[in-house]
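Numbering follows the working numbering, in which position 265 of the sequence shown is assigned residue number 266; successive positions increment by one, without gaps. We put the CB at the ideal spot given by N, CA and C, even for glycine. One structure is given below, encoded as structure tokens.
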Amino acid sequence: MLEITEGHIRDWRNAETRNIGQEMTSLTLQIAVRTLFGTTLPEEARRVGQAMTFLMRYSLSRQRLPFRIPETWPTPRNLRANRELGFIDSLVYRIISERQEEGNSNHHDLLALLMSAMDEDGAQMTRQQLHDETMTLFLAGHETTAQMLTWTWYALSENPPVGTRLQEELGGVLGARPMEISDLPKLPYLEAVMKEVLRLYPPAYIMAREVIEPCEIGGYSMGPKSTIIFSQWVMHRDARYYDNPEQFRPERWLEGLSDRLPPGAYFPFGGGPRRCIGEGFALEEAAIVIATLARRFRFRLAANASVVPEPLVTLRPRHGIQMSIHACT
Numbered sequence: 002m003l004e005i006t007e008g009h010i011r012d013w014r015n016a017e018t019r020n021i022g023q024e025m026t027s028l029t030l031q032i033a034v035r036t037l038f039g040t041t042l043p044e045e046a047r048r049v050g051q052a053m054t055f056l057m058r059y060s061l062s063r064q065r066l067p068f069r070i071p072e073t074w075p076t077p078r079n080l081r082a083n084r085e086l087g088f089i090d091s092l093v094y095r096i097i098s099e100r101q102e103e104g105n106s107n108h109h110d111l112l113a114l115l116m117s118a119m120d121e122d123g124a125q126m127t128r129q130q131l132h133d134e135t136m137t138l139f140l141a142g143h144e145t146t147a148q149m150l151t152w153t154w155y156a157l158s159e160n161p162p163v164g165t166r167l168q169e170e171l172g173g174v175l176g177a178r179p180m181e182i183s184d185l186p187k188l189p190y191l192e193a194v195m196k197e198v199l200r201l202y203p204p205a206y207i208m209a210r211e212v213i214e215p216c217e218i219g220g221y222s223m224g225p226k227s228t229i230i231f232s233q234w235v236m237h238r239d240a241r242y243y244d245n246p247e248q249f250r251p252e253r254w255l256e257g258l259s260d261r262l263p264p265g266a267y268f269p270f271g272g273g274p275r276r277c278i279g280e281g282f283a284l285e286e287a288a289i290v291i292a293t294l295a296r297r298f299r300f301r302l303a304a305n306a307s308v309v310p311e312p313l314v315t316l317r318p319r320h321g322i323q324m325s326i327h328a329c330t
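This is the structure we're talking about:
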């Protein structure tokens, strides 16, 4: 994660403007592919991000339509969706083929585990099964972390004292050396910043669960197969649990807030037995990226840049966020 992060920002220049949303999507894609599948995507990262954005919008728009045009009809959007899916499919199959050609014994990543896994009868996964498992992680393994990081730089740009305090903590604990995971317990303000970003800008901003047994919630009777929808965006801004809920204030987490919150008031990664399995991976990745970039750069919202939250599958800033990058002295 650290190696890819440092390589990604190597060509960043002082006072230049970049779409930080696109940058974080590209960065987390490279990290996900390397750590999960032991390979790189030197040229395709940007197109994968564009393809995923279109496919998420395409899927969401279809869900909202009262009448859904069959996906087999040759409409412009259907045709593009097929092209984007075909591109991602071919990329995933290429990763699998390269691994099968070079052998699996010298690799220690998730794909190696999948390829060596066996059923009780000794059968291993087919190429189709490997594709399906890889596709799930490939598409979902980086998107939420990218959005969290994008909102982090926006929040820090809007609250300079927070950025200053974060830099002071990082400098005091790490000095000039790179961050290691063992450093995280020594960086309480970094952890508080991440918690506050996930509170105000939860990438998974809404969730749903299906009722399996009759129950009553808040005076409403729920039968089996009923769908219950609940929103992190709403709960995380509830004044019953958070003072000045619209304010970005990481200090609240240093004041024992976690111990005072009732269950369900803060759940950026969901809860219960279906809590996000990638929580630890995402938080470690975010901590390394933030610690690496925050010591080197300050981010400022570019002139005339607009920031509009767009609720797709994740909470994204529409068109990303144009930010100017300023090297720290």
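For residue i, the three-state DSSP class (helix, strand or coil)
i    : result
P186 : helix
F231 : strand
P370 : There is no way to answer for residue 370, as the model of the chain reaches only from 2 to 330.
L37  : helix
R210 : strand
M119 : strand
N245 : coil
I5   : helix
F68  : coil
W13  : coil
For residue i, the nearest candidate out of the options (CA to CA)
i    : options                   : result
T18  : K187, A303, L316 and N79  : A303
R35  : R11, H108 and G104        : H108
R95  : G271, P75, Q129 and P318  : Q129
L30  : M2, W13 and L115          : M2
E285 : H143, T330 and R241       : H143
W254 : L114, F270, I278 and E197 : E197
R238 : F268, L201 and S98        : L201
L114 : E102, L131 and E121       : L131
L316 : P263, H327, S62 and Q148  : Q148
A16  : R319, F298 and A287       : F298
L294 : S98, G87 and L171         : L171
A193 : A292, R301 and L111       : A292
Residues sharing a beta bridge with residue i, DSSP
i    : result
Q323 : N20
Q168 : DSSP lists no partner for Q168.
F300 : I326
R317 : E311
I218 : Y221
V31  : The sequence as given places Gln at residue 31; Val does not occur at that position. Partner(s): none; Q31 has no beta bridge.
Q125 : M119
Buried versus exposed, by CB contacts within 10 Å (16 or more), residue i
i    : result
I226 : Checking the sequence, you will find Lys at residue 226 rather than Ile. Classification for K226: exposed.
Q125 : exposed
I32  : buried
S27  : buried
T228 : exposed
S158 : buried
I278 : exposed
A118 : exposed
G22  : buried
I230 : exposed
P203 : buried
W74  : exposed
I322 : buried
Supposed close pair residue i, residue j - CB separation, criterion 8 Å
i    : j    : result
A209 : Q233 : With 8 Å as the limit, A209 and Q233 do not qualify as a contact, their Cβ atoms being about 12 Å apart.
T151 : P318 : 6 Å
L112 : G39  : 6 Å
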